[in-house]
Amino acid sequence: MGWQGKILRVNLTEGTITSEALNQQWAADYLGSRGLGTKYLSEETDPKVEPFSPDNKLIFATGPLTGTMAATGGRYTVVTKGPLTGAITCSNSGGYWGAELKMAGWDMLILEGKSPQPVYLSINNDKAELISAAEYWGKSVWEVEPAIKAKLQDPTVKVASIGRGGESLVRFAAIVNDLHRAAGRSGVGAVMGSKNLKAIAVKGTLGVSVKDPARFMAAVGAARAKLDPSARRDSLSTYGTHAMMDNTNAFGSLPTRNCQDVQFEGVKDINAKAVVTPRLSDGSTNLVTNKACFGCTIGCGRMAHMDPNYEKASEDRYKKISGGLEYENAYAFGPMCGISDLNAITYTNFICNEDGIDTISFGATMAAAMELYEIGAITKEDTGGVALNFGNAEALTTMVEQTATGRGFGKEIGEGAKRLCEKYGHPDLAMVAKGQEFPGYDTRAMKGMGLAYATSNRGACHLRASPFVDDFTRVTTEGKAEIVKTSQDKVSVVDSSGLCVFPAAVWGLDDIVAKIDAACEGDWTEERLWQTGERIFNLERSYNLKAGLTGKDDTLPPRMLKEAAKSGAGKGQTTGLEVTLPEYYKLRGWTEEGIPTNETLDRLKL
Amino acid sequence: MKLKLELFGAHSEKLPRDEGEIEFPDETVPGKIVDWLELKDGDQFVILINGHPVSLEDRYKVKLTEGDLITVFPPMEGG
């Protein structure tokens, strides 16, 4: 109950597909999705494995609440060793694909080896087969998803696929499902490309059972009664995450021009209000509507319509309504690159979706390239004649086309900011933690976020901890370690349950445990969930230590540690990681070198 | 006392359209402004005075000065 109790294992080298029972003890200890995927990866792979080797595994995992009637219960995760960071990664997506996999009867899908030829996997409840993808290789996500649906003669099939970004092994390539949602971060799409796996089509009609339906629905209703009328839901539904841009700009934590500045003068042209303001050309707005994932009562997703007069929108596929601007993509293409051209930013987002590359990493790597260009470390000879100055919207759109399809200087950008800046002699200019590019929060004013970036097991991430409200209220190092540690443990649970992390701002683990205990076997308590979250986070940490990472990787670029913010609430300040990190290690029960002590490992049964 | 007021997010339509300075009683504190706006979950909203945050404990204590910029935005997490 909750869990389906089955795993589908696909060996791409041999072309074999087998069904096996879910390890119930591991489910009891690691819950599902992120936690369970991490346990399987840890048990089945050498942490030192090369990410693009056939020996690396790619795990698609649902949680016990995925596919149930729990609000926002449509999430799945992709767990693998990441090619951007060399650390374990877990990339989370919504849409409808995850719930469909669960309703096909599978908790998890483990892909191993490497197919000798491009293939896609077709799952129809308990039947699965590998089918040649020769005709789809070299095609975009936007081409392959409708083509597979047409071939299978079923428009209700759900498809997760890679575009030319994943095929080209762009180190931050995404897996895109349902056309508009993505397991975007850390290069999970490149690992899929390395295995010659183009897509996974799923049809599931079996439903998901829960242990105690009446109690489960009562818990779902009680949680909705908290979420639905909340101001947080109002804001996400009306303006999406995009609303965050005004907040970070006012506060002085909006990364601008590769974090040289913390406030951007062009915000009003690209913020959440700009996309609902009728444009002069056709009287319509950039934002058309919002869109919800499976089981979601928020609907934060944005659907956009490009300005028809924008020259890049001349091709028909760009005239259609497609995934629109959210905070992270708008920050990364906009302020981070010094660009305030709404059409160029929207187009860049369309291209990232079309060929499956991570918007955050692309934008932040582009910003690093722009700074390298402005200091003369790279020239037009390197870029194929493109002037990569900050603010050059044409450079952004040209480079996204090249990066998403693995061409020209885009190949260099596709390596990510860390490798790009190392190659051109200025490693300090990469705004990364553990090799993954920064999301849209400057850490000098938001010191909790600085600690969260530094200690995230998948590299810089704004969704592995939740220090937002405290950071916006207190510019200090005091108390941040505890907030980050506690919220990391909570998010580990939420990610492993199959729920979205957004309502967790309103829900405590008491709200979540009520659903898990009603859905799943075993006696689940809030205390047990807290320990499960801590166990999952420490297992990821242990994997990374075995992979060769150390406490020295829990750091931030020198710009965050030594250069003071020029304006805003953090003016004159640096991140203060030297204060928060030792305190954090102590709270975690780790040594001064950042290694979990034996006592900690024993306490967590690791 | 005239104050400048910025309100971001789904409730921004509550502000007068001209976005100019607004007259408040001299003893006004930031918390009272949020109360006046009648925001849902207003006690959770972030308040900045001239770009600097006001803690939850201080929002009914901090004194304001003529011309201060008060920024109010809803609690948001993630992005």
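First to last, the sequence lines map onto chains H and G. The opening position of the first sequence corresponds to residue 1 in the numbering used here, with each subsequent residue numbered one higher. The opening position of the second sequence corresponds to residue 607 in the numbering used here, with each subsequent residue numbered one higher. For every residue, glycine included, the Cβ atom is placed at its ideal position computed from N, Cα and C. As the structure is a computational prediction, the values presented were derived from the model and not from experiment.
Please determine, among the options, the residue with the shortest C-alpha to C-alpha distance to residue i.
i: Thr72(H); options: Val501(H), Phe409(H) and Tyr310(H); result: Val501(H)
i: Ala201(H); options: Ala160(H), Arg535(H), Thr486(H) and Ser230(H); result: Ala160(H)
i: Ala150(H); options: Tyr136(H), Gly163(H) and Ile162(H); result: Tyr136(H)
i: Gln402(H); options: Lys552(H), Ala377(H), His426(H) and Glu354(H); result: Glu354(H)
i: Lys291(H); options: Val262(H), Arg181(H) and Leu509(H); result: Arg181(H)
i: Pro427(H); options: Lys418(H), Ala433(H), Gly435(H) and Ala393(H); result: Lys418(H)
i: Leu509(H); options: Leu420(H), Cys421(H), Val494(H) and Glu521(H); result: Val494(H)
i: Glu633(G); options: Phe679(G), Val678(G), Glu663(G) and Leu609(G); result: Leu609(G)
i: Lys411(H); options: Val191(H), Phe216(H), Phe172(H) and Thr62(H); result: Phe172(H)
i: Ser199(H); options: Ala133(H), Met1(H) and Thr525(H); result: Sequence check: residue 199(H) is Ala here, not Ser. The candidate whose alpha carbon is nearest that of Ala199(H) is Ala133(H).
i: Val288(H); options: Ser281(H), Val276(H) and Gln531(H); result: Val276(H)
i: Pro681(G); options: Pro503(H), Ala223(H) and Leu8(H); result: Pro503(H)
i: Thr405(H); options: Leu420(H), Gly187(H) and Cys352(H); result: Cys352(H)
i: Asp358(H); options: Ala564(H), Val188(H), Lys586(H) and Lys39(H); result: Val188(H)
i: Thr238(H); options: Met303(H), Pro439(H), Val49(H) and Gly283(H); result: Met303(H)
i: Ala393(H); options: Val49(H), Gly266(H) and Ile131(H); result: Gly266(H)
Measure from the C-beta of residue i to each C-beta in chain H and report whether the shortest distance is under 8 Å.
i: Val640(G); result: no
i: Asp647(G); result: yes
i: Thr677(G); result: yes
i: Met607(G); result: no
i: Val652(G); result: yes
i: Glu644(G); result: no
i: Gly637(G); result: no
i: Glu627(G); result: no
i: Gly615(G); result: yes
i: Gly657(G); result: yes
i: Gly673(G); result: no
i: Pro680(G); result: yes
i: Leu670(G); result: no
Any idea what DSSP makes of residue i, helix, strand or coil?
i: Glu371(H); result: helix
i: Arg181(H); result: strand
i: Ala454(H); result: helix
i: Ile360(H); result: helix
i: Ile378(H); result: coil
i: Met399(H); result: helix
i: Gln25(H); result: helix
i: Leu109(H); result: strand
i: Arg302(H); result: strand
i: Glu482(H); result: helix
Residue i CB to nearest chain G CB: under 8 Å?
i: Phe472(H); result: yes
i: Ser230(H); result: yes
i: Tyr453(H); result: no
i: Asp495(H); result: no
i: Asp246(H); result: yes
i: Val469(H); result: yes
i: Thr241(H); result: yes
i: Tyr327(H); result: yes
i: Pro54(H); result: no
i: Gly440(H); result: yes
i: Phe251(H); result: yes
Can you grab the Cα-Cα spacing for the pair residue i / residue j, in whole Å?
i: Lys102(H); j: Gly204(H); result: 7 Å
i: Gln488(H); j: Phe537(H); result: 7 Å
i: Leu254(H); j: Leu152(H); result: 45 Å
i: Lys268(H); j: Tyr30(H); result: 44 Å
i: Ala174(H); j: Arg185(H); result: 7 Å
i: Phe409(H); j: Thr677(G); result: 42 Å
i: Leu601(H); j: Tyr76(H); result: 27 Å
i: Leu109(H); j: Tyr584(H); result: 35 Å
i: Leu65(H); j: Thr85(H); result: 30 Å
i: Arg34(H); j: Ala28(H); result: 13 Å
i: Thr16(H); j: Glu534(H); result: 36 Å
Using a Cβ-Cβ cut-off of 7 Å (strictly less than) and excluding sequence neighbours within five positions of residue i, which residues of its own chain qualify?
i: Ala219(H); result: Ala514, Lys515 and Ala518
i: Leu111(H); result: Val10, Leu12, Lys57, Leu58, Lys195 and Leu197
i: Lys562(H); result: Thr574
i: Arg232(H); result: Ala505 and Val506
i: Ser608(H); result: With chain H covering 1 to 606 only, the question about residue 608(H) has no answer from this structure.
Taking 6 Å as the limit between beta carbons, can you name the residues of its chain near residue i, skipping five residues before and five after?
i: Val652(G); result: Phe679
i: Pro596(H); result: Asn538 and Trp590
i: Asp246(H); result: Asn271
i: Thr455(H); result: Asp554
If we cut at 8 Å on Cβ distances, does residue i have a partner in chain A?
i: Leu611(G); result: Among the protein chains in the structure shown, which are H and G, there is no chain A.
Using a Cβ-Cβ cut-off of 8 Å (strictly less than) and excluding sequence neighbours within five positions of residue i, which residues of its own chain qualify?
i: Arg665(G); result: Val635, Pro636, Gly637, Val640 and Ile653
i: Pro116(H); result: Thr13 and Asn196
i: Gly5(H); result: Ala21, Leu22, Gln24 and Asp107
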